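Chains as they are written, first to last, in the numbering used here: chain A, 2 to 1031; chain B, 658 to 1114.
Every residue, glycine too, gets a C-beta built ideally from N, C-alpha and C.
Since the model is a prediction, treat every value here as computed from it, not as a measurement.
Below: the structure, in structure tokens.
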Amino acid sequence: MKSSANQCNLKGLYYVLSLFFLCSNLIFPAIVVAQQKTVTGRVIDATTKSPLLGVTVKLSDTKNVTVSTDQRGGFVLDDVTIGQSITFSFVGYSTQTIKIDSRSSYTIALVAVSNLMEETVVVGYGRQKKRNLTGSIVSVGASEIAKTTLQDPISILQGRAAGVQVSSNSGAPGGEMSIRVRGSSSLNSGNNPLFVVDGIPLESNSISSLNGTENSGLNPMTDINPNDIASIEILKDAASTAIYGSRAANGVVMITTKRGAEGRPEVILNATTGVSSLTRKLSVLNARQYREAVLDSYRGMAKPEEPFYTIIDSLNPMNSGDVDWQDELMRSAKQYKLDLSVRGGNQGTKYAWSSSYLDQDGVILNSNYKRFTSRLNVDFTISDRIRIGQSISYTNAVNNRTNAAGSGNLSIIRSLLIRPPIMSMYLPNGSLNGYMIGQRNPVGMALFSTNLNKSNRIVGSQYVEIDLYKDLKFRSNVNLDYISMKEDEFMPSILDYREGYNKGAVRSSGNLTWGNESYFTYAKNIANAHNIGAVLGMSFQKWRYDRTGLDGEYFPSDDIRTLNGASIISNQGVNIASEHAMLSYFGRVTYDYLGKYLLEFNLRTDGSSRFGRNRRFGFFPSASAGWRFVEEKGIKDLGWLSDGKLRFSLGSTGNEAIGDYTSRGEFTLGTNYLDFSGAAPTVMPNPSLTWETTRQYNLGLELGFFKNRILFSTDAYLKKTKDLLYNVPIPGTTGFEFITQNIGSIENRGLEFSLQTRNLEGAFSWNTNINVSLNRNKVTSLPKNLLTGGHIQNGAFHILQEGLPIGVFYGWRFLGVYARDEDNTSGLTNGANGPAFVGGDPIWKDINNDNMIDQNDREIIGYAEPKYFGGISNDFSYMNFHLNVFFQYSFGNQIYSELNHQRNSIVRYNNLSTDALNRWREQGDQTDFPRLIRDDPKQSDSRVQSRWVEDGSYLKLKNVNLRYSFDPSWSKRIGLRKLDAFVTATNLITWTKYTGFDPDVNSYSGLRVGLDEGSYPQSRTFMLGLILGL
Amino acid sequence: MKNLLKYTFYSLLFLSVCGCSNSLLDKEPISNVSGQGYYKKPSDAQAGVNGIYNGLQALFRQNFAYWGEGRADNIVTRHAGDPAALQQNTLTPVINSARWDNFYTVISRANYAIKYIPQAFGTEDSEQKRQLLGQAHALRALAYFYLVRIWGQVPLVTEPYEGLDQDLFVKKNTEAEVLTKVEADLILATENCASSYSGARNRVMITKGAAYAFLTQLYMWQKKYAQALEMAEKVLADPQYALVPIEDWNNIFVKGSSTESIFEVGYNEVQPNNLRVWYANGSDSDYVPSAGFIASIEPHDLRKPRIYDVSQVQPRKIWKFFGQGFNDESPEPSAGNIVLTRLADILLLKAEAHANLNQPVEALGLLNRIRTRAGLPVLDQNKAQSQFGSLVGSILHERSVELCFEGHRWFDLLRNEIAISTMKPINGLSDKRNLLWPIHEGELLKNPNLQQNEFYR
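What follows is the structure, encoded as structure tokens:
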């Protein structure tokens, strides 16, 4: 009882697959079966008259005969009888059908439509035509990805998608990136979007627990090879995300991997190799300048002390060097990558198989990242009604990391800049000078410490799809994401001040997520006017996390790094496991009338084990409407307006990213007393804890002009988040540091613009994509009883205050430096009874005019939130050359450079930046660099102050890609169907006033945005690549 | 139609297989235990009380010497931070020793234990239950006793925090209110704790004797001398406490659990403390004996060479806790126990009580037990008067040497109201209100109902 509608459905699916197929530049073989008549032809672009490669040519009334056009646009169809029709379909062009008459040769001119409007995009539990979308979704396709040589999907999104802000926590290979979709909408809980790969919710938080501090994490999304990705869709507004309910408040990133399509197997080999180097070196004092600075710092002391002469004794072999440690530690780093993929299939089976190997050195000595990925996607049609399939991917990554970040003295970046230039690399006896008066040798740390992270990850899913009845389909999939990670850490004794003191640690972690999603899909067209669609389903998902580890100290030698060798096991309490589960029901109804009036409703209800028993389930509804006014009479006839759509959505989503057991309170085991096992309350229970709720409104307008040569779209949104989950600090008298509460609210409002133009067409073509995003974040309410001075301190540098955005820096205002003692006319003092400020001291703004500088003289000294950010991409094509020039920018944000604090203040014997050459030295010096002073009782340098706040705006020539595609006729001679060669430059030029390594910096992934504590620096990369198609 | 039914049936079957009930969402903690309803069995109660001791370790790990010795006259320091601030009397609300969080962590754990131990034992009235309750009360009292001596008025919290309906922003209680609770808790401990525990637990857990000893300290602090005598008698009557011979004097600390020890906080290699950092960190410890202290030691005092290296004019480290000749340059944290009270302490407190009650004979008898052990001539009332100005003065001097660096000195000065007279020449301490510590700024920021101690406002 197969119906025609059903066939349509199958055709639709097939059509979709074919589109994929074509996107991948696959070339179908001509399946030639001799019969009555052979038809040949050529398919060209109606306007440019240039041949179209890869057009799907399908003969009607048969099941099998599908071919695609070759380089010249040509096709051959055998087995054709007069009266049959042939359908030509191609992405970005309107489909055309011809009837076969007596002719045997045809020229078909396809009319380009907006390639964007006809494209389908991935949405939650399905696909939709972009023209029918009522939500706000931005899509980045494989062709965009191919222009980069970046190794993870998140960094690819930087500057390429409106409303998506990506910043680097670390420039290390495999290092962490921050991604924010339409701003931060949470305080303490996650601000990461939900990642969904081929329908599977993927773990996007690193499970790493060693090798560094909270601000130098790993990016688990690097487990996905960008070359496997067919498209990335970012769902931004509530209409698109509400179907993911309580995990969707931060947006949803849908990654779709390439799948196979019918046709001859296509083999692609992609080889790239390249070299990276530091984008910028920072200036430090040389040996002579350094010695003077140290002596100066002694002179400034309140009770001058005898200098520690050894350090300034240039004849002492330990202190006679003149080293810029950046030169010693940084290197030109090589990388190479090899990708092999085979995709193809026949009517019953389609497959996509790929493997890749990446070996990437970091610019810091000894840092290296190796990644092997392999993926197999298969789809089987096992009957007219039933399709099954499987996706499985495996990633093995070995990351030889560097403890680069942070302000502790284990940070390589910090010691690189502040270790005195005079210190020798080696001791007189030839061994490494690993530790001297508080300064670790950064080269020694890079070379001799171990920070190894090895992980294996399997992501798999199986689905079955059944055509139940005419318009009704059922799909169910089981999915699994398993990460296992082994980490080793070792700090050898040569890097420690303690004789024979070395320490090591080992952690073994596992994270398993699995679940099932099952849903019915209904699609019905009534009277060629009413389109009705529906989805109804349920899902459950479970998570389990395990970690085991040991720390040890006093290994017999630095060569014995196994924990078995440790003479003291200093921490054996690391045995952690936790579980979390979620149960959900969801549904969607869509309706459109003639593709003109569009309506959509979504609902999801989620229950999470993380919340208090009585507040466990939440409802997340959304509704949206669209009006394609271009279809209206009168407008339709306007020649210059080729597309026009207005859309509006509203809805609510949630955020459940808190600790698995926070609501119940926790007794921690292992709080032992001697050998007697103990337990103690460590988390205060809060049985009324529930998710954060975000209500979002979105208004969008899409316009196309001049046959869609100009496409413009804009979105305005308002996101209001309430019941924020926050670790509220509570008085120590409770016995707890904080309690997780639903408090306060945040608002994000913003505008997004994107403009795509085809400036020139023809032999020389030029396309431009521009996007601009503005987001204004504001904390709208905080619990009054938690405020001190009207705000909540958020880490050392930031505060949270009603009416202000999340990332505001709070501290003392630096107004300059007193040239003379007398310049402090009012006798301003440091604290109530403290000393008066004198010549060479900073001039602090006395905000409350009480003639002393204390806690009450702090104010807002900077904003980390950019005024706007985005990207500009230009594509040029001439003959076989293709050039992509991609700029990325952020404007109006400020950075708090804790790194500049570190390298501009005298702490023990650290080196300084060359700014210190302008320091105040004697009465009358006019400068903005205060005097150097040891043990400064006025704590001038360590105050959080405006002196370390800098403009973080930048424009970056992020990516330049020049590709030459060899003529197929030429490449055929060496047996290749396809041969491309390309060069790519990443981070080529950055225009900025920022004085640190790179303005694309964000030391913490959490709320403490815009802080530069000295992360692993960004690098400039040049890559050469070859793509071979067999 | 048949197919429709068939496929729908299978789909629904599939759904129901995957379908889950609400119980899916009941996730109990695996490696930790849910806070609500932790106390279920007697073993939970035991672990809960061990958790209080764990808090006590953390409490004294870093700041013990700062509180008891840092502001007094027996030490000098070259170290910035807390040591300098305390010794130079430039205390600020940001120094580490101004934090009281760890005290309240102990108190919170004790409050949980006190509330829930009965639940873990059900209706049965067992010896173990009473012992555990006794210890929990004693540990809470100990924390409050130190709190009052360091900060004066502090909030008195006696219920565990289990939800937001409780008052988070507590106000200070008077010293008398807090000390009344300390007294009641300690009396409860004397009634419930065991006289001794088997094996290694004995002197590192609160016994009846320890509770009496802390009561002695408390009553002395309150100048309730008669009650102090009564409590001290209980300790002295306990046969498990005896003075060690002078040869073993260092071993009270080096080995720990000596017969002289009444209560000490246990530490080991993986639960270390800062004794070495304070007193013997290579050549760079926080504290070395002050010149005044060295001068105050009487000639031929057998303890002197056991306290520091007498061959050095300015000793670089204190041997007392590590043994004579200790010369390990390693600055690693130490595993030695911190002795909070021992028999010599109680003997001398009792002597002090007698002296204050004008019972010189009893006072001198006790004092001379300690002096004799130290190889010093016995004192009579005249000698005490001539050598130390008064009988109480001689006892305080004896405490200063016998109990040096054990965290008693500052409280001895406070108790006898001689802190200002002693410290004024050294660091200019002159204001009575300055005798208290400031409350840490972080705590004031978190609790609007809390007022900074007057001197530091």
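Tell me, to the nearest whole angstrom, how far the beta carbon of residue i is from that of residue j; I am working on the premise that it is less than 8 Å.
i                : j                : result
Tyr727 (chain A) : Arg750 (chain A) : With a Cβ gap of about 21 Å, Tyr727 (chain A) and Arg750 (chain A) do not count as contacting.
Ser186 (chain A) : Thr694 (chain A) : Their Cβ separation, rounded to whole angstroms, is 10 Å, which puts Ser186 (chain A) and Thr694 (chain A) out of contact at 8 Å.
Val945 (chain B) : Ile732 (chain B) : 7 Å
Ala777 (chain B) : Pro686 (chain B) : Not confirmed; about 18 Å, so no contact.
State the beta-bridge partners of residue i as determined by DSSP.
i                 : result
His792 (chain A)  : A:Thr789
Phe815 (chain A)  : A:Trp845
His883 (chain A)  : A:Ser878, A:Arg964
Tyr955 (chain A)  : A:Ser891, A:Thr993
Lys1040 (chain B) : Paired residue(s): none; Lys1040 (chain B) is not in a bridge.
Ser129 (chain A)  : The sequence as given places Gln at residue 129 (chain A); Ser does not occur at that position. Bridge partners of Gln129 (chain A): A:Val122.
Arg696 (chain A)  : A:Ser653, A:Lys721
Asp482 (chain A)  : A:Val460, A:Thr514
Asp824 (chain B)  : Paired residues: none, contrary to the question.
Tell me whether residue i is buried or exposed, calling it buried when 16 or more other Cβ atoms sit within 10 Å of its Cβ.
i                 : result
Ile1028 (chain A) : buried
Tyr879 (chain A)  : exposed
Gly1046 (chain B) : exposed
Lys130 (chain A)  : exposed
Gly13 (chain A)   : Note that Gly13 (chain A) has pLDDT 43, beneath the 50 cutoff, so the model's placement of it is unreliable and the number below is only indicative. Burial call: exposed.
Ser241 (chain A)  : buried
Val1 (chain A)    : Nothing can be reported for residue 1 (chain A), as the shown portion of chain A is limited to 2 through 1031.
Gln1044 (chain B) : exposed
As a quick exercise: from the options, pick the residue whose alpha carbon is nearest that of residue i.
i                 : options                                   : result
Gln85 (chain A)   : A:Ser356, A:Ser61, A:Thr108, A:Gly75      : A:Ser61
Thr280 (chain A)  : A:Leu884, A:Arg611, A:Ile365, A:Gly666    : A:Ile365
Leu481 (chain A)  : A:Ile201, A:Ser714, A:Asp46               : A:Ile201
Asn901 (chain A)  : A:Ser947, A:Asp876, A:Gly511, A:Asp937    : A:Ser947
Leu789 (chain B)  : B:Val922, B:Ile709, B:Phe950, B:Leu1000   : B:Ile709
Gly127 (chain A)  : A:Ser342, A:Glu466, A:Ser90, A:Val268     : A:Glu466
Asn532 (chain A)  : A:Glu601, A:Asn454, A:Asn251              : A:Glu601
Lys371 (chain A)  : A:Gly997, A:Gln361, A:Asn656, A:Asn430    : A:Gln361
Asn603 (chain A)  : A:Thr563, A:Ser558, A:Thr654              : A:Thr654
Asn720 (chain B)  : B:Gly1050, B:Ser754, B:Val690             : B:Ser754
Leu296 (chain A)  : A:Leu933, A:Lys939, A:Phe521, A:Thr734    : A:Leu933
Pro1095 (chain B) : B:Gly980, B:Lys1103, B:Gln1016, B:Gln1109 : B:Gln1109
Thr591 (chain A)  : A:Leu642, A:Asp661, A:Thr522, A:Thr563    : A:Thr522
Please report the residue range of the alpha helix (DSSP H) in which residue i lies.
i                 : result
His794 (chain B)  : 784–808
Pro938 (chain A)  : Segment: none, Pro938 (chain A) is in no alpha helix (DSSP H) and carries neither H nor E.
Arg1030 (chain B) : 1017–1030
Ser416 (chain A)  : 413–419
Ile1083 (chain B) : 1076–1084
Pro699 (chain B)  : 699–725
Ile964 (chain B)  : 961–964
Which residues mark the beginning and the end of the beta strand (DSSP E) in which residue i is found?
i                 : result
Gly75 (chain A)   : 75–78
Pro775 (chain B)  : Where Pro775 (chain B) is concerned, there is no enclosing beta strand (DSSP E), although the alpha helix (DSSP H) it sits in stretches over 758–778.
Thr749 (chain B)  : Taken as a continuous stretch (DSSP letters only), Thr749 (chain B) belongs to no beta strand (DSSP E), as it is neither H nor E.
Met1024 (chain A) : 1020–1030
Ser540 (chain A)  : 531–554
Gln744 (chain B)  : No beta strand (DSSP E) holds Gln744 (chain B); the alpha helix (DSSP H) holding it covers 739–744.
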